[in-house]
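Numbering (this note's numbering), first residue to last: 8 to 174. What follows is a short report on a single structure.
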Amino acid sequence: MKTAVPCYYHLDVEVSPERVGQVRRILAAHLRLWDLEILVDPVCRGAELLLRAIDEHATDKQTSIELWWNGQHLITAIGGDDRDLRPDLDLRACLARIAAMSDGWGCCATDTGSKVIWFSQRARSGERVPRVPTTPAPRIREMLQLPREVPVDLPARATHGVLEEAR
């Protein structure tokens, strides 16, 4: 069995109304490159919702966007350093829409005080995606170590009534 090659993309951007459309086109281009045309609309729509909400509510507009593709799920994460932004209050309507259109989502804080909002979309990999063979799990027989060869003394045998050692 072969699996899709994992893909990763990272983009740092200062959010502004005119940048939202640019980011949407950049993300769409990467998804098409990864042969994930089916995910362009939901992923770009979710990212656009978050970026517009960050533009409206955040004081620090510096934002990081990451895409992770593992062959079955695409995770889109958008993080910012604005300590005053409260996703549970400021982004409630945006998060409700993302929850409705994604397979999974979440929000977490990092050690540095940044907030990351992520959502995932499930899809099969396309036919043109580069694939790598997976290594099969070893069988028990393959994992056991064979005993080393140990020299064994052969017993003496009798020939015409005379004992002689085997050689």
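By construction, the Cβ of each residue, glycine as well, lies at the ideal position given by its N, Cα and C atoms. Since the model is a prediction, treat every value here as computed from it, not as a measurement.
The continuous alpha helix (DSSP H) containing Val30 extends over residues 24–40. As a beta-bridge residue in DSSP terms, Cys14 pairs with Trp76.
Taking the Cα of Gln29 as reference, the smallest distance to any Cα among Leu43, Cys101, Ala106, Ala54 is reached at Ala54. Non-local beta-carbon contacts of Glu73 in its own chain, meaning distances under 6 Å to residues more than five positions away in sequence, involve His17, Ala84 in chain order. By the Cβ rule, the segment 25–41 does not count as touching the segment 110–127, because fewer than three pairs are nearer than 8 Å. In the three-state DSSP reduction, Gly120 falls in the coil class, being neither helix nor strand. Rounded to whole angstroms, the gap between the alpha carbons of Ala130 and Asp91 is 35 Å. Following the DSSP letters along the chain, one finds Leu56 inside the alpha helix (DSSP H) bounded by residues 47–64. Taking each of Glu63, Ala103, Ile82 in turn and checking the Cα distance to Val50, the smallest one comes out for Ile82.
The closest CA to that of Asp42, considering only Asn77, His64, Ile61, Ile105, is found on Asn77. By the CB criterion at 8 Å, Ile61 and Gly87 fall inside the cutoff.
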